[in-house]
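Structure first, commentary second.
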Amino acid sequence: MTMRQQTMALFAGIGAVLVIASLVGYALKTFVAKGQPHAVIDNLNARIKAWWVMVLVISGAFLFGKDGVIVLFLFISFVALREFMTLTYTRSGDHNALAASFFIVLPAQYFFIYIEWYGLYSIFIPVYAFLILPILEVTAGDTTRFLERAAKLQWGLMVCVFCISHVPALLTLAIPGYQGRDILLIVFLVLVVQSSDVLQYVWGKLFGKHRIAPDVSPSKTLEGLVGGVLSATALGAALWWITPFTVWQAALMAFAINVMGFLGGLVMSAIKRDRGVKDWGHMIEGHGGMLDRLDSVVFAAPVFFHATRYWWT
Amino acid sequence: MILDTLGARTLCGFTRALTGARILWLGCAPDATQRVYFGNHGSHGDFALIWACLPLELRNRTRPVAGADYWCSGVLRKYVAEHLINAVLIDRNPATRTLDPIRQMAGAIEGGDSLIVFPEGTRNTTDAMLLPFKSGIYHLAHACPDVEFVPVWIENSRRVMPKGKLLPVPLLCTLSVGAPIKLRADEDKDAFIERTRRALLDLMPAES
Numbered sequence: 001m002t003m004r005q006q007t008m009a010l011f012a013g014i015g016a017v018l019v020i021a022s023l024v025g026y027a028l029k030t031f032v033a034k035g036q037p038h039a040v041i042d043n044l045n046a047r048i049k050a051w052w053v054m055v056l057v058i059s060g061a062f063l064f065g066k067d068g069v070i071v072l073f074l075f076i077s078f079v080a081l082r083e084f085m086t087l088t089y090t091r092s093g094d095h096n097a098l099a100a101s102f103f104i105v106l107p108a109q110y111f112f113i114y115i116e117w118y119g120l121y122s123i124f125i126p127v128y129a130f131l132i133l134p135i136l137e138v139t140a141g142d143t144t145r146f147l148e149r150a151a152k153l154q155w156g157l158m159v160c161v162f163c164i165s166h167v168p169a170l171l172t173l174a175i176p177g178y179q180g181r182d183i184l185l186i187v188f189l190v191l192v193v194q195s196s197d198v199l200q201y202v203w204g205k206l207f208g209k210h211r212i213a214p215d216v217s218p219s220k221t222l223e224g225l226v227g228g229v230l231s232a233t234a235l236g237a238a239l240w241w242i243t244p245f246t247v248w249q250a251a252l253m254a255f256a257i258n259v260m261g262f263l264g265g266l267v268m269s270a271i272k273r274d275r276g277v278k279d280w281g282h283m284i285e286g287h288g289g290m291l292d293r294l295d296s297v298v299f300a301a302p303v304f305f306h307a308t309r310y311w312w313t
Numbered sequence: 314m315i316l317d318t319l320g321a322r323t324l325c326g327f328t329r330a331l332t333g334a335r336i337l338w339l340g341c342a343p344d345a346t347q348r349v350y351f352g353n354h355g356s357h358g359d360f361a362l363i364w365a366c367l368p369l370e371l372r373n374r375t376r377p378v379a380g381a382d383y384w385c386s387g388v389l390r391k392y393v394a395e396h397l398i399n400a401v402l403i404d405r406n407p408a409t410r411t412l413d414p415i416r417q418m419a420g421a422i423e424g425g426d427s428l429i430v431f432p433e434g435t436r437n438t439t440d441a442m443l444l445p446f447k448s449g450i451y452h453l454a455h456a457c458p459d460v461e462f463v464p465v466w467i468e469n470s471r472r473v474m475p476k477g478k479l480l481p482v483p484l485l486c487t488l489s490v491g492a493p494i495k496l497r498a499d500e501d502k503d504a505f506i507e508r509t510r511r512a513l514l515d516l517m518p519a520e521s
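Protein sequences appear in the order of chains F and R.
Every letter in the first sequence is one number past the one before it in the numbering used here, and letter 42, counting from 1, is 42.
Plus 313 on top of the position in the second sequence (first one is 1) and you've got the numbering used here.
Written out as structure tokens, the structure is:
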């Protein structure tokens with residue numbers, strides 16, 4: 001199959017899954033909830049509706065190739081960083097550093113990915129932003145909770161810009177024999193990690209008994225974790241034909257990103273819990289904010305990027 | 314005229330896109346009752362924020378009350394105040410003013426419009442959550458006893474654009490609208506000011 005046929009086949013498959021999910025959601029609403037308000041079923045239907053929108057937006061961006069993907073993830077990083085910094089303590093002395101983060105660091109990171117300058121985009125935020133932003137903050141002369149403010153801004157940039165930008169950075173990898181198809185690597189990463197989230201949710205709702213991290217994320221169960229990660233790993237293996245990997249390599253990669261995704265979700269939950277909120281934002285109905293949907297991708301993307309880069313280029 | 318409408322739409326669109334603003338109607342519905350929306354004031358963006366979050370048909374009949382000293386200095390500001398947000402511009406300096414601000418505001422209400430006011434009188438740059446209210450809100454209520462006073466707590470606008478900064482940073486803002494208040498027959502100035510101030514503070518989200 002050509003890259004075009006593969007992409008069409010994939011999106012047709014995703015569309016079919018969403019159609020089935022929508023039908024199931026409709027049936028649940030009609031026959032189980034009998035048209036009455038029902039917290040779990042309504043949330044499920046809101047999530048399915050949001051999935052339709054997200055899949056349409058992503059496929060729309062993919063139509064524009066590399067440019068579309070980079071602009072899409074630039075926007076995602078912007079929204080995510082806005083959610084992150086909204087929940088973070090800042091003072092007016094942070095204003096210049098915040099403005100620099102949003103209007104210089106964020107676009108610069110994506111520009112370096114656009115021009116495929118690996119040597120710079122892989123260290124720009126961990127080194128240069130890390131050094132320059134606290135300098136901007138210290139010039140305001142306000143030392144109240146200084147280390148905390150500087151550290152949290154850096155964390156926000158690492159999570160929302162640096163890590164997320166490793167998804168479009170997959171397009172810069174030159175994998176022998178895989179030229180021109182690298183956009184499918186993004187599909188693989190996002191599809192596997194997101195299905196892992198969905199499958200963990202489904203397995204947890206159906207069979208969940210033993211809470212795995214009651215203090216951090218009360219809804220996560222051992223049954224959900226094992227069922228979700230294993231079935232999403234199987235899905236990853238089944239998608240080997242869109243990757244440069246063999247079946248076993250695809251399974252191992254999928255397993256690694258599923259585990260990272262799960263652990264990333266825990267870390268991001270801990271931050272929300274510490275701040276006393278349930279969701280990062282309100283952008284996506286049924287899901288919360290952008291970061292609620294992307295927390296697992298954040299932690300999976302850099303690991304997937306570097307594993308692929310190390311072994312396949 | 315078309316340019317003004319376009320400009321106003323752009324201003325609202327930009328404000329909402331930057332701040333992802335949400336408005337939560339907790340104490341009343343967004344209906345066409347004549348009202349005075351009063352909020353906490355942390356940024357010049359506050360006018361645009363409340364205004365942009367109102368449904369269009371309410372927005373067209375709602376005028377922000379703003380300090381003429383700031384909004385009349387500079388061509389762009391003056392254009393925004395007079396043409397885009399249709400502000401009621403008041404002179405905050407009692408020594409120089411020729412028009413009575415309470416009369417100006419009451420006049421706008423008699424004309425059928427709603428108002429947006431910031432009873433602290435100036436932007437809050439202190440660590441306090443809310444500055445003491447000026448007495449204007451009481452005098453306005455006294456002049457227009459039938460109008461509902463509706464508290465609107467604006468969360469985060471001060472972080473978006475602190476005093477003295479020109480470039481706003483994108484942070485999410487939430488507006489919480491409380492229950493309407495009317496001046497009671499037997500209520501004196503201090504009691505009314507205390508009651509409205511309390512109502513505004515009660516809308517503040519619990520935060521560390």
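Don't be surprised by glycine CBs; every beta carbon is placed ideally from N, CA and C.
Residues near residue i in its chain [Cβ-Cβ closer than 7 Å; skip 5 each side]
i, result
"F/Thr-313", "Leu-173, Ala-174 and Ile-175"
"R/Leu-402", "Ala-379, Ala-381, Trp-384, Cys-385 and Ala-394"
"R/His-455", "Leu-496"
"F/Ala-307", "Met-253 and Ala-256"
"F/Ala-50", "Ile-284, Glu-285, Gly-286 and His-287"
"R/Ser-521", "Here the model assigns R/Ser-521 a pLDDT of 40, short of 50, so the residue's position is not dependable, and the following value carries that caveat. Same-chain partners within the cutoff: there are none."
"R/Ala-512", "Pro-464, Gly-491 and Ile-494"
"F/Arg-309", "Leu-173"
Alpha carbon of residue i to alpha carbon of residue j, nearest angstrom
i, j, result
"R/Leu-397", "R/Ile-315", "11 Å"
"R/Pro-464", "R/Gln-347", "14 Å"
"F/Arg-68", "F/Thr-243", "Looking at the sequence itself, residue 68 of chain F is Gly, so the reference to Arg does not match. Using only the alpha carbons, I get a separation of about 21 Å."
"F/Trp-158", "F/Ala-80", "According to the sequence provided, residue 158 of chain F is Met. The question's Trp does not apply to it. So the alpha carbons of these two residues sit roughly 11 Å apart."
"R/Asp-404", "R/Arg-410", "6 Å"
"R/Thr-328", "R/Gly-358", "8 Å"
"R/Ala-519", "F/Lys-272", "15 Å"
"F/Trp-311", "F/Asn-258", "19 Å"
"F/Gly-276", "F/Leu-87", "10 Å"
"F/Pro-168", "F/Glu-116", "10 Å"
"F/Leu-131", "F/Ala-151", "11 Å"
"F/Ala-33", "F/Phe-78", "38 Å"
"F/His-287", "R/Asp-459", "43 Å"
"R/Leu-324", "F/Tyr-118", "39 Å"
"F/Val-369", "R/Arg-374", "The shown model of chain F, from 1 to 313, leaves out residue 369 of chain F, and the question about it has no answer."
"F/Ala-99", "F/Gln-109", "15 Å"
"R/Gly-389", "R/Thr-318", "It is Leu, not Gly, that sits at residue 389 of chain R in the sequence shown. Straight-line Cα distance between these residues: approximately 16 Å."
"F/Gln-200", "F/Gln-194", "10 Å"
"F/Phe-305", "F/Leu-170", "6 Å"
"F/Ser-59", "F/Phe-11", "8 Å"
"F/Gly-227", "F/Thr-221", "10 Å"
"F/Gly-180", "F/Val-161", "25 Å"
"F/Ile-212", "F/Asp-279", "20 Å"
Other residues of its chain near residue i: CB distance less than 6 Å, five sequence neighbours each side excluded
i, result
"F/Ser-22", "Ile-48"
"F/Phe-207", "Glu-223"
"F/Val-216", "Leu-266, Ser-269 and Ala-270"
"R/Ile-506", "Phe-446 and Tyr-451"
"R/Lys-476", "Arg-436 and Thr-438"
"F/Ala-254", "Val-192, Thr-233 and Gly-236"
"R/Ser-470", "Gly-355, Ser-356, Gly-358, Asp-359, Leu-362 and Cys-486"
"F/Leu-189", "Phe-304"
Environment of residue i [buried if 16+ CB atoms lie within 10 Å]
i, result
"F/Leu-185", "buried"
"F/Ile-135", "exposed"
"F/Ala-129", "buried"
"F/Leu-56", "exposed"
"R/Ala-321", "buried"
"R/Asp-440", "exposed"
"F/Phe-64", "exposed"
"R/Glu-423", "exposed"
"R/Thr-332", "buried"
"R/Phe-462", "buried"
"F/Leu-74", "buried"
Contacts around residue i, its chain only, beta-carbon distance under 8 Å, and the 5 residues preceding and following it disregarded
i, result
"R/Glu-433", "Asn-353, His-354, Leu-443, Leu-444, Pro-445, Phe-446 and Lys-447"
"R/Asn-406", "Asp-382"
"F/Val-138", "Phe-146"
Residue i: contacting residues in chain B (beta-carbon distance under 7 Å)
i, result
"F/Ala-99", "Chain labels in this structure do not include chain B; the protein chains are F and R."
Exercise for the section: Specify whether the stretch 484–493 of chain R and the stretch 332–351 of chain R touch according to this definition: at least 3 beta carbon pairs, one from each stretch, less than 8 Å apart. Expected result: Contact between the stretch 484–493 of chain R and the stretch 332–351 of chain R is present, because at least three Cβ pairs lie under 8 Å.
Practice task
Determine, using beta-carbon pairs with one atom in the stretch 89–103 of chain F and one in the stretch 113–123 of chain F, whether at least three such pairs fall under 8 Å.
Solution key: Cβ pair count under 8 Å is below three, so no.
Problem - At least 3 beta-carbon pairs within less than 8 Å: the stretch 287–302 of chain F vs the stretch 232–250 of chain F - result: Contact fails: fewer than three Cβ-Cβ distances are below 8 Å.
Exercise for the section: Identify every run of the beta strand (DSSP E) within the stretch 136–188 of chain F, keeping only runs that are complete inside it and at least 3 residues long; order them along the chain. Expected result: Entirely contained in the stretch 136–188 of chain F, not one beta strand (DSSP E) run reaches 3 residues.
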